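In this note's numbering, the protein residues as written are 20 to 301.
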């Protein structure tokens, strides 16, 4: 996906939201917004939005003098979801189809995203996820590919959400390589965040090699590229990964909640829809 002009006001909104989340003064938030406007003027609209987002969040990090402004927010998100772990595990075990339950919960966890919104209620999402109709639900195709795969490449998204990923990984019953960001960006999962979520107990953690809140092959490591091309099955979590991988020719199972008008129009589906399946690239 390319950056759409509707992404520009969204980047400004993200900047303002970040300032509020970090409890900055109004004067500092105004400075952040002015700096963001300068960054926007140099953006390459042929890039996908997550790749352009790096410049925005680099500016925020430089302004605040910290590499990981969302560190405490990520830690809190992970701890809060870990408290729910026994309940989530029980819901999976007692469901008629544990794999289906784990997939639904993994998509439910995708609401934990401070890049698109800080206005979400995880418990409300948990209450409705088992009854909601997904915009796309390619469960039979997912199971078929899983049955033919001897290992899975699982591209992670956000901290906190990765606890839900851990539950799904356990149900895959296959060796999994779990991909994290190459460094801090928004509340996306890094190596440390994945360890905090217990991912190392169920998968091998590998880095994409880049800080894009998605996947950009130009900036990724050779190690990741090799795994990507060799993987017999790929699971991609989150909207940022979808925005950067949706034009790929190979089969990828995308699991995410559609939180953006641009993505909703791209898929011709309602905003807020749940998605589990592949896309047909042109």
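Quick reminder that beta carbons are idealized off the backbone N, C-alpha and C, glycines included. For clarity, every value in this text was computed on a predicted model and none was experimentally measured.
Rounded to whole angstroms, the gap between the alpha carbons of residue 156 and residue 119 is 10 Å.
Secondary structure at residue 153: coil, using DSSP grouped into helix, strand and coil. With respect to the C-alpha of residue 154, the residue from 27, 25, 273 having the closest C-alpha is 273.
DSSP places residue 116 outside both helix and strand once states are collapsed to three, so it counts as coil. Under DSSP, the beta-bridge partners assigned to residue 198 are 174, 225.
C-alpha of residue 172 to C-alpha of residue 252: approximately 6 Å in a straight line. Distance from the CA atom of residue 283 to the CA atom of residue 178, rounded to whole angstroms, is 24 Å.
Judged by DSSP in its simplified three-state form, residue 60 adopts coil rather than helix or strand. Per the DSSP secondary-structure output, residue 253 pairs in a beta bridge with 172.
With a cut-off of 8 Å on Cβ pairs, the segment 182-195 is not in contact with the segment 45-56, counting fewer than three such pairs. Cα atoms of residue 158 and residue 115: separation of roughly 15 Å, rounded to the nearest angstrom. Beta-bridge partners of residue 275 (DSSP): 294. Per DSSP, reduced to three states, the secondary structure at residue 287 is coil, with no helix or strand assignment.
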